[in-house]
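Reviewing the structure listed below.
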Amino acid sequence: MEKDATLDARGLMCPMPIVQLAKKVKELKSGQVLELLADDVGARDDVPAWCNRTGHAMVGQEEEGKLFRFYIRVK
Amino acid sequence: MADRFCMVVSEGSFDKAMMPLIMGNTAASMGMEVHVFYTFFGLKLLKKGIRPKLPGMWRLFTGMMVKKMMKLNVPNYEEMLKQAKELGVNFYACSTSMSLLGVKQSDLIEGTKVLGASKFLDLAADSKVTLFIG
Chain A
1 MEKDATLDAR
11 GLMCPMPIVQ
21 LAKKVKELKS
31 GQVLELLADD
41 VGARDDVPAW
51 CNRTGHAMVG
61 QEEEGKLFRF
71 YIRVK
Chain S
1001 MADRFCMVVS
1011 EGSFDKAMMP
1021 LIMGNTAASM
1031 GMEVHVFYTF
1041 FGLKLLKKGI
1051 RPKLPGMWRL
1061 FTGMMVKKMM
1071 KLNVPNYEEM
1081 LKQAKELGVN
1091 FYACSTSMSL
1101 LGVKQSDLIE
1111 GTKVLGASKF
1121 LDLAADSKVT
1131 LFIG
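Below, the structure written as C-alpha cells:
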C-alpha cells in the first residue's frame, strides 16, 4: 500500500503506540496515509478504536506473526 | 464539545499513580478532554519529585517493577506526567485534602489547580466516562 510516512512503534507497550500515533498524525496533512508498525497485542484493537473515535480512516490492517501493520488516512 | 473523561484518584501507591496516567494519556490521544481529581492519599501523587511505591509489603519490590517497566519500554511516572501535560490532561488537587494533609500549592507540580468537590462534580456531571481509582 502507498504511504506518505511510517511510524515504527515496535517495542512500545500500551498506551505509547496510540500516544505517538496521535502526535504523528498532527504532523501530516489531510488525505496522507500513515503506516504504523506495532507489536503490542493491545494495538490490534486499540488502533481501530482510536480511528473510530478520532475520525481518521483505517484503510488497511495486516498481521505478520507478531507484527501489526496499519494504514491510516488522515482526515 | 469533545467527549469528557473524569477520574478521581484517592490512593497514592504506584499502581494508582500509573493507571490514571495510562488511561488519561490514552483518552487525550483519542481526542477526549481529561480531568483528574486527586483526593486523600492520592494527593501526594501531585507533589513535586514524588516517586510512588507499591502498596503495603510490596513497596520493597517497587525497584524491581520500575526496572521491568524500563525493560518493556513503559515510560516511568515522571515521563507519563510530562506526557499528560503535553496532551492537555487537567490535574486537580482536592482543597480539603490539602488542608487535611498539610500540602501547600507550592508543593504541587506546576499546572495543578486546587478545586473543591462541587466544581469537579460540575465537570463530572457532563462527562461521558467517569472512573474512580482508589
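Protein chains in written order, with the numbering used here: chain A, 1 to 75; chain S, 1001 to 1134.
Beta carbons: idealized from backbone N, C-alpha and C, even for Gly.
query, result
"Close-in-space but distant-in-sequence residues of the same chain around Thr1062 (chain S) (CB under 7 Å, 5 per side omitted)", "Phe1014, Lys1053 and Leu1054"
"At least 3 beta-carbon pairs within less than 8 Å: the segment 6-16 of chain A vs the segment 1015-1026 of chain S", "yes"
"Residue from S:Gly1111, S:Gly1134 and S:Leu1087 whose Cα sits closest to the Cα of Leu1046 (chain S)", "S:Gly1111"
"Classification of Phe1091 (chain S) by the beta-carbon crowding that lies within 10 angstroms, buried from 16 upward", "buried"
"Neighbour-count burial assignment, Met1080 (chain S), 16 or more Cβ in a 10 Å radius", "buried"
"Supposed close pair Leu36 (chain A), Val47 (chain A) - CB separation, criterion 8 Å", "7 Å"
"CA nearest to the CA of Gly11 (chain A), picked from S:Ile1109, S:Val1114, S:Val1074 and S:Thr1096", "S:Val1074"
"C-alpha distance - Val1036 (chain S) paired with Leu1100 (chain S), whole-angstrom precision", "19 Å"
"Closest Cα partner of Ile1050 (chain S) within the set S:Asp1107, S:Lys1113 and S:Ile1133", "S:Asp1107"
"Beta-carbon separation (whole angstroms), Gly1042 (chain S) vs Lys1016 (chain S), contact threshold 8 Å", "7 Å"
"8 Å Cβ cutoff, Met1070 (chain S) in contact with chain A", "no"
"Rounded Cβ spacing between His56 (chain A) and Val74 (chain A) (contact assumed at less than 8 Å)", "6 Å"
"Thr6 (chain A): first and last residue of the uninterrupted beta strand (DSSP E) it sits in", "Ala5 to Asp8"
"Exposure of Val41 (chain A), with buried meaning 16 or more beta-carbon neighbours within 10 Å", "exposed"
"Test: Pro1020 (chain S) CB closer than 8 Å to a CB of chain A", "no"
"Spatial neighbours of Arg44 (chain A) in its chain, beta-carbon cut-off 8 Å, leaving aside the 5 residues before and after", "Glu63 and Phe68"
"heavy atom of the ligand PLP below 7 Å from Arg73 (chain A) C-beta", "What this structure holds is no ligand at all, so the ligand PLP is not there to describe."
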